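Chemist: Input: one structure, supplied below.
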Amino acid sequence: MNGISTADLIGSTGVALLLGAFALNLAGRLQRDGAAYAGLNVLGSGLAAAASALIGYWPFIVLESAWCAVSCGALIRLAMRSV
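Residues in the sequence shown are numbered consecutively from 0, following numbering that gives the first Met the number 0.
As structure tokens, this is what we get:
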């Protein structure tokens with residue numbers, strides 16, 4: 000196949016979001032217990048899981064789905080604190 004596939008585009012976007020959040024956290028620009036960090040992790044891992052599902056790569060489907068679930072839990076906890 001020539002060019003970039005849909006799975007490549009989705010997966011690359013997801014990984015870029017995950018790495019961006021990680022780098023911003025390490026640089027002190029994004030708090031690890033904040034909604035922005037959790038949100039970027041939800042989006043990034045969700046996209047990476049979707050891309051893995053498109054190519055049928057189960058180890059990463061499981062990994063990224065678990066990452067997404069944990070990050071969703073963090074967002075829910077943050078939302079509950081602000082209510």
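Quick reminder that beta carbons are idealized off the backbone N, C-alpha and C, glycines included. Here the structure is a predicted model, which means the values were calculated and not measured.
#1: Among the candidates S64, G43, A68, whose CA atom is the shortest distance from the CA of I9?
#2: With the cut-off set at 8 Å, would you say G2 and A50 are in Cβ contact?
#3: With a CB to CB cut of under 6 Å and the five nearest residues on each side skipped, what residues in its chain are close to L39?
#4: Between which residues of its own chain and A22 is the CB-CB distance below 8 Å, once the five residues before and five after are set aside?
#5: My output table needs one value for G38: the three-state DSSP class, helix, strand or coil.
#6: Would you please state the rounded distance, in angstroms, between the beta carbons of L18 and V41? I believe it to be under 8 Å.
Modeler: The answer reads as follows:
#1: Within the sequence shown, the letter at position 10 stands for residue 9. Ranking S64, G43, A68 by Cα distance to I9 puts G43 first.
#2: As a working mapping, residue 2 is identified with position 3 in the sequence shown. As a working mapping, residue 50 is identified with position 51 in the sequence shown. Against a cut-off of 8 Å, the Cβ pair of A50 and G2 comes out as no contact.
#3: Residue numbering aside, residue 39 sits at position 40 when the sequence shown is read from its first letter. The answer, listed in chain order, is L16, A20.
#4: Along the sequence shown, read from residue 1 onward, the residue named residue 22 stands at position 23. Around A22: no qualifying Cβ.
#5: The residue you call residue 38 lines up with position 39 of the sequence shown. Here G38 sits in helix by DSSP.
#6: Within the sequence shown, numbered from 1, the residue matching residue 18 stands at position 19. Within the sequence shown, numbered from 1, the residue matching residue 41 stands at position 42. With a Cβ gap of about 15 Å, L18 and V41 do not count as contacting.
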